[in-house]
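Residue numbers (my numbering): 7 to 355.
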C-alpha cells in the first residue's frame, strides 16, 4: 500500500515528492459497529503489529482512534469471538459510560485501561524516538516479529503470538549482533492486568498463546543487528541476476540540519522480470541510515544495502520500485555516485 502511494506521489508531485510524508491519522481493528473484541486482548495484539508494520513501511506517524470513545452495545458480541465483554469501545481508556441498550451494560470506571492500551505501552519497551527499526522475520505464520536497535546499544525484539491455543519456543538468530547471555523479557497476555518483566535467556524464549513478548538484549560485542526470530530453520531466497545496463536508478533527498530523507527509484530497463533484488551503494560522507521503507536496509561503514520487501520482490520489465530511507548526517551530505542492483551497476536516471 505505501509502495503504491509513494509511487503515485512521485508520479504526480514532481520535485516536491520527497517532501511529502505519509501519516496514518486514524486506525483501529474495526471502523464501525465496534464489538467485544475491541476491548479484548486481540486488539492489543492488533495494535502492536499494526503500528510496527506501518512504521517499517516508512509511515511517519500512526494515530489510534481513540484515547476515549464510549461504550457501544448491540454489535458483534458473538460467543465465538474472543473475550467476555458484551460491549465495544474504540478507546484505549474507558470513559465509564453505559451502552444505553436494553441490557444497559456499563464499562469500568473512567480511565481504566483496555488491553489495547497495554499493546501501545509495550511498544515503549521496544523503542523510543532516536532508536532505529531493523529488519526481523519469523518463519511461523502466527508469530510476528519486529525489532529495534536502541540508541543505548540494546537490541529489542517484539514477538506477537497470534495463535489462541499454542505456545512457541522461539530461537533468536541474530545477524551481526553479539548479545550478552541474559535479557530482559516483557510480557502481556491472557490473565494479565499489566505488562510484567523478568530476566531470561538472550538465545530463546517461549511465548504463550495470544501474547506480546518483548526481549531486550544487551550487547556482548559489536555489530549491526539484523535479527531473524525463527521457530524452525528457514530457507534463503535467491535473486535473479541483472543483465548489464538493465537497470536505472534515480536518487533525490529532502534535507534538514542533521537529517534527510533519501528517495530512490529503481527501474527495470531490461526485457525480463527481476525476481528478488538487492540495491547497494556507498555514502561519500558520514551518513547513517536510521529507517527504511519499501525495502530492508543494512549498513556497514559507508556501504548500504537495501533488500526487497516481501511485497515488492519482483520488478517487471519497464516498471519501478521506490525504496526510501531516513538518515543522519553532519558536515556535508554528498550523494552516492553509483548504485548496483544484484551486483550490476545501474545507469543514472
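Here a beta-carbon is modelled for each residue, glycine too, at the ideal position from N, C-alpha and C.
Three-state secondary structure assigned by DSSP to residue 168
coil
Mind checking who residue 288 pairs with in its DSSP beta bridge?
309
Below 8 Å on the Cβ atoms is my guess for residue 128 versus residue 194; work out the distance and round it to an integer in Å.
6 Å
Length-filtered (4 minimum) alpha helix (DSSP H) runs lying within the region 8-82:
8-19, 47-62
State the beta-bridge partners of residue 225 as determined by DSSP.
185
Any 3 or more C-beta pairs closer than 8 Å across the region 88-96 and the region 29-46
yes
With a threshold of 8 Å, are at least 3 pairs of Cβ atoms found where one atom belongs to the region 195-215 and the other to the region 75-84?
no
What span of residues does the alpha helix (DSSP H) with residue 130 cover, start to end?
121-132
Run the CB neighbour count on residue 32, radius 10 Å, all protein chains shown included, and call it buried at 16 or more, exposed below.
exposed
Please determine, among 326, 259, 268, the residue with the shortest C-alpha to C-alpha distance to residue 279.
326
Counting only the same chain and skipping the five closest in sequence on each side, list residues whose C-beta sits under 8 Å from that of residue 238.
Residue placement at residue 238 cannot be trusted, given a pLDDT of 39 that sits under 50; what the coordinates show is reported in the next sentence. So the qualifying residues of the chain are 145, 146.
When we look at the beta-carbon of residue 196 and count the other beta-carbons within 10 Å, is it buried (16 or more) or exposed?
exposed
What does DSSP give as the partner residues of residue 265 in its beta bridges?
262, 334
Under the three-state DSSP convention, the category residue 303 falls into:
strand
Check residue 230 in the structure and name its three-state DSSP category.
Any reading at residue 230 is ruled out, since the residue's pLDDT is 46, under 50, leaving its predicted position unreliable.
Does the separation of the CB atoms of residue 267 and residue 259 fall below 8 Å?
yes
With 16 other Cβ atoms within 10 Å as the buried cut-off, status of residue 261
exposed
Flag this pair as yes or no: are the beta carbons of residue 323 and residue 277 separated by less than 8 Å?
yes
Pick out whichever of 296, 298, 282, 270 has its Cα sitting closest to the Cα of residue 314.
282
Beta strand (DSSP E) containing residue 282: first to last residue?
Unbroken run through residue 282: none, as it is neither H nor E.
Expressed to the nearest angstrom, what Euclidean distance is found between the alpha-carbon atoms of residue 246 and residue 273?
Any reading at residue 246 needs caution, since the residue's pLDDT is 41, under 50, leaving its predicted position unreliable; the model's value is listed next. Residue 246 and residue 273: Cα-Cα distance of roughly 15 Å.
Residue from 211, 185, 348, 182 with nearest C-alpha to residue 176:
211
Cβ contact (3+ pairs, closer than 8 Å) linking the region 50-58 and the region 119-135
yes
Taking C-beta to C-beta, are residue 331 and residue 295 nearer than 8 Å?
yes
Our contact map puts residue 26 next to residue 19 with C-beta atoms below 8 Å; I'd like the distance itself, whole angstroms only.
6 Å
Kindly list the residues whose CB is nearer than 6 Å to the CB of residue 161, restricted to its own chain and excluding five residues on each side of it in sequence; keep chain order.
155, 183, 223, 231
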